[in-house]
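Heads up: the structure comes next, in structure tokens.
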Amino acid sequence: ETGVTQTPRHLVMGMTNKKSLKCEQHLGHNAMYWYKQSAKKPLELMFVYNFKEQTENNSVPSRFSPECPNSSHLFLHLHTLQPEDSALYLCASSQVTGNGQETQYFGPGTRLLVL
Amino acid sequence: QKEVEQNSGPLSVPEGAIASLNCTYSDRGSQSFFWYRQYSGKSPELIMFIYSNGDKEDGRFTAQLNKASQYVSLLIRDSQPSDSATYLCAVRRNQGGKLIFGQGTELSVKP
């Protein structure tokens, strides 16, 4: 596989469920990201991991819990979500070089519906 | 004021015309600028990036950056119906900084 992959592609869950989103990058990058994209709103950065270390938590509610076991894999654990959490969740990766010119490549996203 | 601002559109142009997409940003210290294209139901894909004032051309696409005016644009020449998508502008302040996205401009190219 190439690029950035995400599973599942679609997910429907109840508010009491626990589920996890998975992201894997095959680009040899050292940074990974979770974004949320809601209708008619800009992409919202949720979490950033550089070299497996979380470097940014953008005031995300604790019902979203990220995990980065290595530089190629990123998870987003979900529990007791709300209907307003329904959105497209995008994973991205980049190679941080230190000159600010790295570009991010996105996975196909997980379309989440919370009932 | 939004950090990155784009006209949500839709912007409608006839096939073969030049489509001009605009983006303004509020942080004067921004250093890196990106344009992504997002088809309906798909994820964003990188089209171009630009770091220096002036124009940067890649095929039918030209990115223009004017840091003094805090303005970055994307021109699409010879627009095709397949260019119909939402175009996202993204800005980064400095190395290691996060990307800030605009809400996107919907482009529709009519045959």
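Chains as they are written, first to last, in this note's numbering: chain A, 1 to 115; chain B, 1001 to 1111. Cβ atoms here follow ideal geometry from the backbone N, Cα and C, with glycine treated the same way.
Exercise for review: Can you tell me the Cβ-Cβ gap for Thr110 (chain A) and Gln6 (chain A), rounded? I've got them flagged as a contact below 8 angstroms.
Suggested key: 5 angstroms
Review point. Quick one, are the C-beta atoms of Asp1078 (chain B) and Arg1060 (chain B) less than 9 angstroms apart?
Key: yes
Check your understanding: For the segment 1098-1111 of chain B, which residues have a CB atom closer than 9 angstroms to at least one CB atom of chain A, in sequence order?
Key -> Lys1098, Leu1099, Ile1100, Phe1101, Gly1102, Gln1103 and Gly1104
Point to revise | Range of the contiguous beta strand (DSSP E) that encloses Asn1066 (chain B) | key: Phe1061 to Asn1066
**Study point:** Ser94 (chain A) beta carbon near the ligand ADP (any heavy atom closer than 8 angstroms)
**Key:** Within the structure as shown, the ligand ADP is missing, as the structure has no ligands at all.
Check your understanding: Do Leu1088 (chain B) and Tyr1036 (chain B) come within 9 angstroms of each other at the CB atom, strictly closer than that value?
Key -> yes
Review point. List, in order along the chain, the chain A residues whose C-beta lies closer than 7 angstroms to that of Ser1043 (chain B)?
Key: Leu90, Phe106, Gly107, Pro108 and Gly109
Point to revise | Proximity of Tyr105 (chain A) and Gln25 (chain A) at Cβ, strictly below 9 angstroms | key: yes
Practice item. Verify whether the separation of the beta carbon atoms of Gln1103 (chain B) and Lys40 (chain A) is less than 9 angstroms. Key: yes
Check your understanding: Under the three-state reduction of DSSP, which class applies to Glu84 (chain A): helix, strand or coil?
Key -> helix
Review point. CA-CA distance, Asn1053 (chain B) and Phe1034 (chain B)?
Key: 13 angstroms
Check your understanding: Just how far apart, CA to CA, sit Val48 (chain A) and Leu1021 (chain B)?
Key -> 29 angstroms
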